[in-house]
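The block underneath contains the structure these notes are about, expressed in structure tokens.
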Amino acid sequence: MLTKWCPAPGCEHAVNFDAGTENYDVSCLCSYSFCWNCTEEAHRPVDCDTVSKWILKNSAESENMN
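Heads up, the sequence shown is in UniProt numbering, so the first residue is 1 and it goes up one at a time.
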């Protein structure tokens, strides 16, 4: 079993993860759900690489709006 701190702002809980599962989405006691692999918000069935590209694209688009 692996342990990682919850990435939610202000949360001080640790979350456990059973290695060997295909589902990386985990939930913290604070009710925040995130991806164990990349620590972004839970995004199953989309892979982490696609989520990363989507976040970059949205960030670039929001910068262009200013």
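In this text, a Cβ means the ideal position worked out from N, Cα and C, and glycines have one as well.
Does the distance from the CB of ALA42 to the CB of CYS28 come in under 8 Å?
For ALA42 and CYS28, no; Cβs fall outside 8 Å.
Could you check whether ASN37 and CYS48 sit closer than 8 Å to each other, using their CB atoms as the reference points?
Cβ distance < 8 Å, so CYS48 and ASN37 count as in contact.
Exposure of ASP26, with buried meaning 16 or more beta-carbon neighbours within 10 Å:
It is worth fixing the name first, because residue 26 is Val in this sequence and not Asp. Buried, by the Cβ-count rule.
Start and end of the beta strand (DSSP E) containing ALA42?
Where ALA42 is concerned, there is no enclosing beta strand (DSSP E), given that its DSSP letter is neither H nor E.
C-alpha gap between LEU56 and MET1, whole angstroms:
Straight-line Cα distance between these residues: approximately 32 Å.
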